[in-house]
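Under UniProt numbering, the residues of the sequence shown are numbered 1 to 372, in order.
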Amino acid sequence: MNLKIALLGGDGIGPEVLAQSVKCLQAVEETFNHHFTYTEGLIGAVAMDKYGSPLPKQTIDLCKASDAILFGTIGTLKYDDNPSARVRPEQGLLQLRRELQLFTNIRPVKIFPTLINKSPLKKHVIFGTDFVIYRELTGGIYFGEKKLSEDGTQASDLCEYSEKEISRITHLAFKAAKNRRKKLTLVDKANVLETSRLWRKVVTRISESYPEVQLDFLFVDNAAMKMMLDPNDFDVILTDNMFGDILSDQGSAICGSKGLLPSASIGNEHAMFEPFHGSYPQAAGKNIANPVASILSTAMMLSHFGLHEESLAVVIAVDKSMKKHVVTRDLNASSKYGTTQVGDFIAGNIIDSDENLNYNYENIGLGRSTII
Ligand code: IPM
Ligand code: MG
Numbered sequence: 001m002n003l004k005i006a007l008l009g010g011d012g013i014g015p016e017v018l019a020q021s022v023k024c025l026q027a028v029e030e031t032f033n034h035h036f037t038y039t040e041g042l043i044g045a046v047a048m049d050k051y052g053s054p055l056p057k058q059t060i061d062l063c064k065a066s067d068a069i070l071f072g073t074i075g076t077l078k079y080d081d082n083p084s085a086r087v088r089p090e091q092g093l094l095q096l097r098r099e100l101q102l103f104t105n106i107r108p109v110k111i112f113p114t115l116i117n118k119s120p121l122k123k124h125v126i127f128g129t130d131f132v133i134y135r136e137l138t139g140g141i142y143f144g145e146k147k148l149s150e151d152g153t154q155a156s157d158l159c160e161y162s163e164k165e166i167s168r169i170t171h172l173a174f175k176a177a178k179n180r181r182k183k184l185t186l187v188d189k190a191n192v193l194e195t196s197r198l199w200r201k202v203v204t205r206i207s208e209s210y211p212e213v214q215l216d217f218l219f220v221d222n223a224a225m226k227m228m229l230d231p232n233d234f235d236v237i238l239t240d241n242m243f244g245d246i247l248s249d250q251g252s253a254i255c256g257s258k259g260l261l262p263s264a265s266i267g268n269e270h271a272m273f274e275p276f277h278g279s280y281p282q283a284a285g286k287n288i289a290n291p292v293a294s295i296l297s298t299a300m301m302l303s304h305f306g307l308h309e310e311s312l313a314v315v316i317a318v319d320k321s322m323k324k325h326v327v328t329r330d331l332n333a334s335s336k337y338g339t340t341q342v343g344d345f346i347a348g349n350i351i352d353s354d355e356n357l358n359y360n361y362e363n364i365g366l367g368r369s370t371i372i
């Protein structure tokens, strides 16, 4: 398969972890005889410094002309610590999501059996955790009208949703649930918010077309608690932009390191793949960032294009790095391996995969369970 891939490293550790993903994709090309081309584009603070905009037009054009986008991370301390900055690096990412209409963000939360001891939660609570968050990504409070009074003493952010925005992601979430454990939990705040009540109405109506899927509702505060007490209770979580942002960080913490989990942002025409985690500017350039989330994002990308065997090869190589303790310091404080060494090891194992692990080959696919 030929694929044109846009590489947007962004800020902080983004370019470093993305470079490891490219290594792994090159290993996939070599092993499975594909041809991928890679073109770099600027976004975030680096783009602001060079072009005065967090999302220059060249970058939008590049993304639109690509089959897929691999994204690193965004944000720097310089802007995080300055609430009065008018333009912020994060706007680049938000604009890009909107511009490409990447309305569904898919964030799988799955425990790596080898890392079960790294979780802050007790083993018996998290054992077997495997759920996926479907987060609406181009609407809600993130994109509603923002106001600040002239004297700077009052502000508001509008949260709006239309039936159309809710229904397109809802169908994708139900389809995912159908292929998994057939349970969908809509997380909202319908006891307070009008938008949440609209979500309930639309999702309930759509559920009639998916009778094999059990639909549940949870208020977001309760869902946050349940995720800590009984994460195994979740299969597919469907939620709005803001709640999805918060719950997905919480979910990633269950796994023991934020550096492990990938995500996919999908629209009707474009698709972007990125780690869950942020730009961790304190670690930039130190060769200590965990590249696994970014590498697993490439596995999601490969699945998205139907390259399931290739995707699994990446997942197996990552799993092997953990079994062999070739991990960064977030997972083992005394590790001698850095970002590039872990990337090299994983890429090397894609080319040279000799493992005969217990994988569920029947169940390969985006957001589905492959490790058994
Ligand atoms: C995420 C991030 C972004 C978000 C930020 C960087 C704007 O936290 O992808 O979860 O809030 O969506
Ligand atoms: Mg977030």
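Think of the CB as a built atom: it goes at the ideal place given N, C-alpha and C, for glycine as much as any other residue.
Range of the contiguous beta strand (DSSP E) that encloses residue i
| i | result |
| --- | --- |
| Pro83 | Per DSSP, Pro83 belongs to no beta strand (DSSP E) and is neither H nor E. |
| Ser263 | Pro262 to Ile266 |
| Lys4 | Asn2 to Gly10 |
| Thr239 | Val236 to Thr239 |
| Phe36 | His35 to Glu40 |
| Ser321 | Not the beta strand (DSSP E): Ser321 falls in the alpha helix (DSSP H), residues His308 to Lys323. |
| Ala155 | Ala155 to Asp157 |
| Ala68 | Ala68 to Thr73 |
| Ile106 | Thr104 to Lys110 |
| Arg135 | Asp130 to Glu136 |
Start-to-end residues for the alpha helix (DSSP H) that takes in residue i
| i | result |
| --- | --- |
| Leu25 | Gly14 to Phe32 |
| Ile346 | Thr339 to Ile351 |
| Thr46 | One point to set straight first is that residue 46 is Val, not Thr, in the sequence displayed. It spans Ala45 to Tyr51 - the alpha helix (DSSP H) in which Val46 sits, taken as one unbroken run. |
| Glu269 | Per DSSP, Glu269 belongs to no alpha helix (DSSP H) and is neither H nor E. |
| Lys164 | Glu163 to Lys178 |
| Gly92 | Glu90 to Glu99 |
| Lys182 | First-last for Lys182: undefined, no H or E at that position. |
| Ser149 | No alpha helix (DSSP H) contains Ser149, which DSSP labels as neither H nor E. |
| Ile126 | Lys123 to Ile126 |
| Lys57 | Lys57 to Lys64 |
| residue 375 | Any answer about residue 375 is impossible in this case: the structure gives the chain only from 1 up to 372. |
Whole-Å CB distance - residue i paired with residue j, under 8 Å assumed
| i | j | result |
| --- | --- | --- |
| Thr31 | Ile346 | Incorrect: roughly 13 Å between the Cβ atoms, too far for contact. |
| His270 | Leu102 | 6 Å |
| Ile166 | Val203 | 7 Å |
| Ile43 | Leu8 | 5 Å |
| Ile74 | Pro89 | 5 Å |
| Ile111 | Thr129 | 5 Å |
| Val314 | Val28 | 7 Å |
| Ser257 | Asp330 | 5 Å |
| Gly338 | Ile295 | Rounded, the Cβ-Cβ distance is 14 Å, inconsistent with contact. |
| residue 374 | Ile266 | The first residue shown for the chain is 1 and the last is 372, placing residue 374 beyond what the model contains. |
| Leu186 | Leu215 | 7 Å |
| Pro231 | Phe131 | 7 Å |
| Val318 | Val292 | 6 Å |
| Pro54 | Ala65 | That pair is no contact at about 20 Å. |
| Met272 | Ile69 | 4 Å |
| Thr340 | Gln20 | 7 Å |
| Thr76 | Gly12 | 7 Å |
| Leu307 | Met1 | 7 Å |
| Glu219 | Lys189 | Per the sequence presented here, residue 219 reads as Phe, with Glu not at that position. About 6 Å; that satisfies the 8 Å criterion. |
| Cys63 | Leu96 | 7 Å |
| Leu247 | Ala224 | 7 Å |
Is it true that the region 111-124 meets the region 277-289, where meeting means three or more beta-carbon pairs spaced less than 8 Å apart? no
Residues near the ligand IPM, criterion Cβ-heavy atom distance below 5 Å: Glu90 and Asp245
Which complete beta strand (DSSP E) runs does the region 207-247 hold, if anything under 3 residues is left out? 214-219 and 236-239
The region 249-261 touching the region 197-211, judged by at least three CB pairs closer than 8 Å: no
Counting Cβ pairs closer than 8 Å, one from the region 231-239 and one from the region 256-276, do we hit at least three? no
If we count Cβ pairs, one from each stretch, closer than 8 Å, do we get three or more for the region 22-31 versus the region 299-316? yes
Within the chosen definition, does the region 134-141 reach the region 240-247 through at least 3 CB pairs nearer than 8 Å? yes
Stretch-stretch touch, CB-based, cutoff 8 Å, three pairs: the region 173-192 with the region 142-152: no
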